[in-house]
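Undergrad:
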Amino acid sequence: MAGSPPVGDVTLGVDLISITVEQPLGTPATSIDATAPFYVTATLRASGFLRTAAVPYSIRYFFESFGPGPEGSLGIVAGNLNGVPITSMTTDYNGTATRLTVPASTLINDRTWKLTAIADFPTMPGTGAFIEGPVIATRP
9 MAGSPPVGDV TLGVDLISIT VEQPLGTPAT SIDATAPFYV TATLRASGFL
59 RTAAVPYSIR YFFESFGPGP EGSLGIVAGN LNGVPITSMT TDYNGTATRL
109 TVPASTLIND RTWKLTAIAD FPTMPGTGAF IEGPVIATRP
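Once you know that position 48 of the sequence shown is 56 in the numbering used here, the rest is easy, because the numbers rise by one and skip nothing.
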C-alpha cells in the first residue's frame with residue numbers, strides 16, 4: 009500500500025480511502041451550486057503503529073477541470089492522530105477532523121471537476137497517501 013513503509017519490525021499504514029462532497033446542510037452531492045460554500049471531507053485510515061500514535065497530519069485538497077480550465081488548491085486541513093490505545097486493526101479519521109469548508113465561487117459554474125487529496129505527516133517525512141476523488145459538476 010502506498011504510504012506504508014516498514015519501520016523496523018513494525019509496519020505503519022496510512023491511506024486515504026474516500027473523498028465526499030457535501031452541500032451546506034450536510035447532504036452528500038455530486039452536483040453543487042458553486043456560488044455557495046460546500047464541504048470536502050476525506051477519510052484517512054491509519055493502521056500499524058500509526059493507529060495509536062499521536063502525530064500531526066495535513067490533508068491538502070485539489071481541483072482539476074475536465075477539458076480546458078483552471079486547476080489548483082481548494083485548501084488544507086491540519087490535525088493530529090489521537091494516540092488513544094485501541095483494539096481495532098485500523099482507525100479512520102473523517103468528519104470534522106478532515107473537513108474543509110470551500111468558500112463560495114472557488115469553482116466556476118457549469119463545469120465538471122475532479123477532486124484529489126494528499127495526506128502527509130510533517131514529523132514523518134516520506135509518509136503519506138494520495139487519492140483521486142469524485143467527479144463533481146457545478147451548476148448555477
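The beta-carbon is built from N, C-alpha and C at its ideal position, and this holds for glycine as well.
What is the DSSP secondary structure of Leu89, counted as helix, strand or coil?
TA: It is coil, neither helix nor strand.
Undergrad: Would you kindly work out how many angstroms separate the C-alpha atoms of Pro133 and Thr51, rounded to a whole number?
TA: For Pro133 and Thr51, the distance between alpha carbons rounds to 21 angstroms.
Undergrad: Could you tell me which residues DSSP puts in a beta bridge with Thr98?
TA: Beta-bridge pairing links Thr98 to Ser55.
Undergrad: Do Asp118 and Pro148 have their C-beta atoms within less than 8 angstroms of each other?
TA: Cβ atoms of Asp118 and Pro148: closer than 8 angstroms.
Undergrad: Closer than 7 angstroms by C-beta to Gly103: which residues in its own chain qualify, once you throw out the five before and the five after it? Chain order, please.
TA: Correct list, in chain order: Thr49.
Undergrad: What residue does the beta strand (DSSP E) around Thr146 start on, and which one ends it?
TA: Taken as a continuous stretch (DSSP letters only), the beta strand (DSSP E) holding Thr146 covers Gly136 to Arg147.
Undergrad: In this structure, what does DSSP give as the bridge partners for Asp23?
TA: Paired residue(s): Arg53.
Undergrad: Below 7 angstroms, is the gap between the Cβ of Pro148 and the nearest heavy atom of the ligand HEM?
TA: Ligands in the displayed structure: none, and consequently the ligand HEM is not present.
Undergrad: Based on the DSSP output, what are the partners of Arg119 in its beta bridges?
TA: Answer is none; Arg119 lacks a bridge partner.
Undergrad: Please confirm if the segment 33 to 49 is in contact with the segment 113 to 131, defined as three or more CB-CB distances below 8 angstroms between the two stretches.
TA: In short, these stretches touch, since the Cβ pair count reaches three.
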